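Report on one structure; see the data block that follows.
Protein chains: 2
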Amino acid sequence: MSQEIHKGLVIIYTGDGKGKTSAALGSVFRALGHGFRVLVIQFFKGDWPIVFGEIESAKFHSHLEICQLGKGFVKIMGDKKPFTEHKMAADEAIAFAKKKIFSGDYDLVVLDEVIYAIDYLDVRLVNLKDVLEIIEKKPAKTHLILTGRNAKQELIDRADLVTEMKEIKHPFQKGVQAQKGIDF
Amino acid sequence: MSQEIHKGLVIIYTGDGKGKTSAALGSVFRALGHGFRVLVIQFFKGDWPIVFGEIESAKFHSHLEICQLGKGFVKIMGDKKPFTEHKMAADEAIAFAKKKIFSGDYDLVVLDEVIYAIDYLDVRLVNLKDVLEIIEKKPAKTHLILTGRNAKQELIDRADLVTEMKEIKHPFQKGVQAQKGIDF
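Chains as they are written, first to last, in my numbering: chain A, 1 to 184; chain B, 1001 to 1184.
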């Protein structure tokens, strides 16, 4: 293995299986070990009355910012918020992402669930063209990780690395509830 | 989401795509945020002249131990070590894993690449029955994450959650080398 070529990769973790956000956070954990400056923007998380492990863990790392800019999942899991509230939050999250990424201040940026936000279950909170613009204009050195189900071909075409997380077996199928430290 | 039921899950990240170890490390990152005691045993990593991000990052977390007990990959990537050297290291890693897991001292244990070590490319460093024994006898509260390609059906049958990481696109295909902060 060599570190000679430094190219900021565009990485996509998609698919219906568990592990997309986890894989992004694992990359974050590694990157922090190398002194990278890291930003994580979460597009759905936010406004939930639970303690997220990643938020607590981030407190140990001065080079990591995690911003939960969402208003919870949309149209599922008891969501009753007006759509405009989700949409405004997503617009702000995208504007924030552009400003931060284009500043060149970060070595790694994760846009968590942004792919889901583009087009999933008729939830269209984020425009594909905004994400394409981020990929196109990001600083060359910056690694970008995008997560979420149902990645559009236009995104896959522009990514360097795409992994589909395929669900083989999931405990929610058997009624086991979300587990602290594993699911959040 | 609820935290009412606490059941230590057995989680498998398998498949040929990137993201298995990353997803495990992301779960570690989350779990540390909840104050979990975490142990990561890496079955191939070790003896490599590179700085691993996860090792450096672990220094910020007193509840995390990462043990690299391998001797590098086997039969690939320039490996010239006698097989017995790999086998002895794997035997010690399994014995160490059992002792640590059965002690009940950990809330989450990751056996990284252990699945690959069972049976991949004719590399049989770890006996399946030892891993089945770990699953069977682990403390009920302990979450266990196993990673590696080519998971045996016996493991899948005993797991609560299985995700296959499927490679859709990988930069190594285009000759881009492993990237610091992303691949290690």
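A virtual CB, placed ideally from N, CA and C, is assigned to each residue, including glycine.
No experiment lies behind these values; they were computed from the predicted model shown.
Euclidean distance between Cα positions of residue i and residue j
| i | j | result |
| --- | --- | --- |
| Glu154(A) | Ser1057(B) | 34 Å |
| Val51(A) | Thr1014(B) | 28 Å |
| Asp1130(B) | Phe1043(B) | 14 Å |
| Ala1178(B) | Gln1068(B) | 19 Å |
| Gly1104(B) | Val1110(B) | 14 Å |
| His1086(B) | Phe60(A) | 35 Å |
| Thr163(A) | Leu1144(B) | 23 Å |
| Val38(A) | Lys1080(B) | 37 Å |
| Ala93(A) | Ile41(A) | 8 Å |
| Gly175(A) | Met77(A) | 15 Å |
| Pro49(A) | Val10(A) | 32 Å |
| Phe36(A) | Asp157(A) | 26 Å |
| Asp1146(B) | Leu1132(B) | Here residue 1146(B) turns out to be Leu, not Asp, going by the sequence shown. Their backbone Cα atoms lie some 11 Å apart in a straight line. |
| Lys1045(B) | Ile12(A) | 25 Å |
| Asp1047(B) | Ile66(A) | 34 Å |
| Lys1020(B) | Lys20(A) | 10 Å |
| Glu1167(B) | Phe1184(B) | 18 Å |
| Gln1003(B) | Leu1108(B) | Unreliable positioning characterises Gln1003(B) in this predicted model, as indicated by a pLDDT of 45, which lies under 50. The coordinate reading is nonetheless provided below. Taking the straight line from one Cα to the other gives about 16 Å. |
| Ala1095(B) | Lys100(A) | 47 Å |
| Leu128(A) | Leu1128(B) | 45 Å |
| Asp1091(B) | Asp91(A) | 54 Å |
Residue i versus the options, residue with shortest Cα-Cα distance
| i | options | result |
| --- | --- | --- |
| Lys98(A) | Ser22(A), Lys137(A), His63(A), Leu69(A) | Lys137(A) |
| Gln1125(B) | Lys1075(B), Ile1168(B), Glu1167(B) | Residue 1125(B) is actually Leu in this sequence, not Gln. Answer by Cα proximity: Lys1075(B). |
| Tyr1116(B) | Tyr1106(B), Pro1082(B), Gly1072(B), Val1109(B) | Gly1072(B) |
| Ala1023(B) | His170(A), Pro139(A), Met165(A) | Met165(A) |
| Glu113(A) | Leu25(A), Gly8(A), Leu9(A) | Leu25(A) |
| Pro1082(B) | Thr1163(B), His1143(B), Val1123(B), Lys1174(B) | Val1123(B) |
| Ser1062(B) | Asn1127(B), Ile1101(B), Val1028(B) | Val1028(B) |
| Glu1054(B) | Pro171(A), Ala31(A), Lys169(A) | Ala31(A) |
| Leu64(A) | His34(A), Gly46(A), Glu92(A) | His34(A) |
| Ala1151(B) | Pro1171(B), Ile1118(B), Gln1173(B) | Ile1118(B) |
| Phe172(A) | Gly1070(B), Ala1159(B), Gly1017(B) | Ala1159(B) |
| Gly17(A) | Asp47(A), Ile94(A), Arg149(A) | Arg149(A) |
| Pro139(A) | Val176(A), Tyr106(A), Ile11(A), Pro49(A) | Tyr106(A) |
| Leu1161(B) | Ala90(A), Lys169(A), Ile135(A) | Lys169(A) |
| Ile1134(B) | Lys1141(B), Phe1102(B), Glu1167(B) | Phe1102(B) |
Collapsed DSSP secondary structure at residue i in the structure displayed
| i | result |
| --- | --- |
| Asp1112(B) | strand |
| Val176(A) | coil |
| Val1205(B) | Here chain B has residues from 1001 to 1184 only, and residue 1205(B) is not among them. |
| Ile1055(B) | helix |
| Val28(A) | helix |
| Ile1076(B) | coil |
| Lys7(A) | coil |
| Lys98(A) | helix |
| Ile182(A) | coil |
| His1063(B) | coil |
| Lys1137(B) | helix |
| Asp1107(B) | coil |
| Lys87(A) | helix |
| Asp1047(B) | coil |
| Phe151(A) | First, the amino acid is wrong: residue 151(A) is Ala here, not Phe. Of the three classes helix, strand and coil, the one that applies to Ala151(A) here is coil, per DSSP. |
| Gly19(A) | coil |
| Gly1035(B) | coil |
Residues bridged to residue i (per DSSP)
| i | result |
| --- | --- |
| Ile1012(B) | Leu1146(B), Val1162(B) |
| Gln42(A) | Gln68(A), Asp112(A) |
| Glu167(A) | Thr1163(B) |
Counted within 10 angstroms of its Cβ, other Cβ atoms place residue i as buried (16 or more) or exposed
| i | result |
| --- | --- |
| Ile1182(B) | buried |
| Gly70(A) | buried |
| Ala1089(B) | buried |
| Thr1084(B) | exposed |
| Lys1007(B) | exposed |
| Lys1180(B) | buried |
| Lys1141(B) | exposed |
beta-carbon residue i near the ligand HEM non-hydrogen atom, thresh 7 Å
| i | result |
| --- | --- |
| Ile66(A) | Annotation note on the ligand HEM: not contained in the displayed structure, which lists no ligands. |
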